[in-house]
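**Q**
Residue numbers (the working numbering): 18 to 220.
#1: Within 10 Å of its beta-carbon, does residue 45 have 16 or more other beta-carbons around it, so buried, or fewer, so exposed?
#2: Measuring CB atoms only, is the region 191-209 touching the region 85-105, in the sense that at least three cross pairs come out at less than 8 Å?
#3: Indicate whether residue 115 and residue 144 have their beta-carbon atoms separated by less than 9 Å.
#4: Going by alpha carbons, who is nearest to residue 109 out of 20, 200, 33?
#5: Between residue 76 and the rest of its own chain, which residues show a CB-CB distance below 8 Å, the 5 nearest in sequence each way excluded?
#6: Just curious, the alpha helix (DSSP H) that residue 145 is in, first and last residue?
#7: Please name the residue or residues paired with residue 28 in a DSSP beta bridge.
#8: Determine contact between the region 79-86 and the region 148-168, defined as no fewer than three beta-carbon pairs at a distance below 8 Å.
#9: To the nearest angstrom, report how far apart residue 129 and residue 202 are at their CA atoms.
#10: Who are the near neighbours of residue 152 in its chain, counting only those whose CB is closer than 7 Å to its CB and skipping five residues on each side?
#11: Do residue 183 and residue 100 come within 9 Å of each other at the CB atom, strictly closer than that value?
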C-alpha cells in the first residue's frame, strides 16, 4: 500500500462516528492488509468498555492520545486490535472486528492454517493472527506504524452499513454499536440486521 495513513485528527472525534467511518478503510501491517468490513465502538461510559473501570495499567492506552493502537489479549489467547478515539483522557476505542483480505493472502493463510479466503480475517482474533499483530504493538501510533490505517481507495463510494448489538460481551449488550459493510461475506457471524446511511467521508 502506498497511500498515506489516516491522520490523528480522524480519530479525535466521537467514537461512534469513527467506528462508522473506519468501515471501508484499510488496515495494514508490514505489507499485509485488508479492507475493514466490521467494527465495534466502546466508550468509558458503558460497562463493556475496558476503560469503564477507570485508569489502570491495562487501560492507560485507552486514555492516551487518539490514533493509538490498543492491543490486548482476549481470554488469554487472541490479540485484538483497537483504534483509540476521542480526546486524550476520555477512554474510547474502536475494535476492528473483520477484514476483507487485500494483500498478503498467502502469508495470512500460512499464519492462520486456513485456505478459504473468507475465513482468514472474519473475526478480531483471526485478523490479528493473519496480519501478525501481537501485544508488543500496544500503544503504538496508527499514523507512524507499524500498524497503520489507510483511507478508502480514491473514488470508492462509502459502504452502506448494517448495525446491530456488539457480540462476545455480557454487558451493555443492548447498544447497537456494531457496524458492518452491508452484503460483505467477510464479516464475522452472527450477522446484524438494520440498515444505516452510508458511512461518512473519511477526513
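Using N, Cα and C, we set each Cβ at its ideal position, and we do this for glycine too.
**A** For this structure:
#1: buried
#2: no
#3: yes
#4: 33
#5: 67, 68, 70, 108
#6: 141-148
#7: Residue 28 is not bridged to any residue.
#8: yes
#9: 18 Å
#10: 88, 90, 96
#11: no
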